[in-house]
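Here's the structure, in C-alpha cells; my notes come after.
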Amino acid sequence: MIIDAVLAEAVRNNAEWCRAMCAAHGHPGTFGPRAWTHDRRTPLYYPDAVTLTGDAKAGDVLTGIDRSTPGASVKDSYARLDLAAEGFRLLFEAQWIHRPAGLPVPPAPGDWRAVRTPDELAAWALAWSDGDAEEAALFRPELLADPATTIVAGHGADGRILGGAVLSASARVTGVSNLFATGDTDPAVAWAGCLGLVPDGHVAVGYESGDDLTPALATGFRETGPLRVWLDA
Numbered sequence: 003m004i005i006d007a008v009l010a011e012a013v014r015n016n017a018e019w020c021r022a023m024c025a026a027h028g029h030p031g032t033f034g035p036r037a038w039t040h041d042r043r044t045p046l047y048y049p050d051a052v053t054l055t056g057d058a059k060a061g062d063v064l065t066g067i068d069r070s071t072p073g074a075s076v077k078d079s080y081a082r083l084d085l086a087a088e089g090f091r092l093l094f095e096a097q098w099i100h101r102p103a104g105l106p107v108p109p110a111p112g113d114w115r116a117v118r119t120p121d122e123l124a125a126w127a128l129a130w131s132d133g134d135a136e137e138a139a140l141f142r143p144e145l146l147a148d149p150a151t152t153i154v155a156g157h158g159a160d161g162r163i164l165g166g167a168v169l170s171a172s173a174r175v176t177g178v179s180n181l182f183a184t185g186d187t188d189p190a191v192a193w194a195g196c197l198g199l200v201p202d203g204h205v206a207v208g209y210e211s212g213d214d215l216t217p218a219l220a221t222g223f224r225e226t227g228p229l230r231v232w233l234d235a
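Note that the sequence shown covers residues 3 to 235 in the working numbering.
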C-alpha cells in the first residue's frame, strides 16, 4: 500500500471509529462523500465532523453539525482547512501514523487480551481515565457488540491493568486509538501488547502528537501525514 492509500484508509478508519463511538451513545452520525458529520453534540473528546478527502471544504463539515452552543470540533484530516474565518480556533495538530503489515511485534510482558464483558470494560475504562468515573462512562457496553471494535487490556501477574487500547478493524487496516499505560508501565510496552492483537496482514494506523508520538515510532510506526483539530469558540 502506498502512503496516499494508507492515509486515505487511516482517515476513513478513524471516522468509522468515531461513528462507532457515537452509535454506542445512540446516534451514529452521517457519512457524506467528503465528510462524516454529527448533527448532535458528540461524546466527550470526539469530533462533530471528520473530513474524508483532501478536497473537502468548510461547507462539507459545517452544514452537518450543531453550532447552537460553543464547543463543536472538526477533525481536518488532511490539514487543509482554515476555519478561523468561521469562528474556530486551532485546538491541536498531530501526525497520522502507520505500521506496515508483517513487521515483527516486540514482546510485551503481561497478558494482553480482548475485553469481553461489561465488568471488564468498566475496569478498563477506569484504568484508561485514571480513575475518573465521568470520563470512564464514555465507553459503553454497546461497544462490545460492534464486530469491528476490539478493546484490548494488558494484565500483570497480580491482575492489575498495565495498559490498553481500542482496535478498530477495516478491510485492510486496523486503527489503534485510546492507547494508555498505567503506573510505571512503559508506553512502548502498551503499544507492543496491543499490536499483538492486530489481525495478520493489516496495516496498523492511528494518529499521535507530542510525547505520545515517540513510543509509537519506537515500535515501528512511520509518520504518514498531518492533521488538525479545530474548535468552535
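Yeah, the Cβ is synthetic: ideal placement off N, Cα and C, and Gly gets one too.
No Cβ-Cβ contact shorter than 8 Å links SER170 with THR184. Distance check between PRO35 and each of MET23, GLY56 and ARG43 places GLY56 closest, using alpha-carbon atoms only. Taken in chain order, the unbroken stretches of alpha helix (DSSP H) that lie wholly in the segment 85–134 and span 4 residues or more are 120–130. Boundaries for ASP186: no beta strand (DSSP E) harbours it, and the DSSP string shows neither H nor E there. In this structure, DSSP gives ALA10 a helical state, which the three-state scheme calls helix. Taking a cut-off of 8 Å for Cβ pairs, the segment 219–235 and the segment 112–129 do not touch, as fewer than three such pairs fall below it. Annotation: the continuous beta strand (DSSP E) that includes ASP234 extends over 224–234.
In the pairwise beta carbon analysis, the segment 12–26 is classified as touching the segment 140–154: at least three pairs are separated by under 8 Å. Annotation for VAL63: the continuous alpha helix (DSSP H) segment containing it runs 60–64. If you draw a straight line from the Cα of ARG21 to the Cα of GLY31, it comes to about 6 Å. The three-state secondary structure of ILE153, taken from DSSP, is strand.
Beta-bridge partners of TRP38 (DSSP): PHE33 and VAL52. The residue from ASP41, ASN180 and ASP78 with its alpha-carbon nearest to that of GLU95 is ASP78. Sequence-distant partners of LEU9 (beyond 5 residues in either direction) whose C-beta falls short of 7 Å from its own C-beta, in its chain, are TRP98, THR226 and GLY227. In the structure shown, THR176 falls within a strand segment according to DSSP collapsed to helix, strand and coil.
Rounded to the nearest whole angstrom, the CA to CA distance from ASN180 to GLY203 is 22 Å.
Between the C-alpha atoms of LEU164 and GLY73 there is a straight-line separation of about 33 Å. Apart from sequence neighbours up to five positions away, the residues of its chain that approach ARG69 with a beta-carbon distance below 7 Å are ASP234, ordered along the chain.
Secondary structure of ILE163 (DSSP, three-state): strand. Here GLY161 is exposed, its C-beta having fewer than 16 other C-beta atoms within 10 Å. Residue range 205–210 is occupied by the beta strand (DSSP E) that includes ALA206. Counting only the Cα atoms, TYR47 lies some 25 Å from ARG101. Secondary structure of ALA171 (DSSP, three-state): strand. Between ASP148 and the set GLU18, ILE5 and ASP214, the nearest pair of CA atoms involves GLU18.
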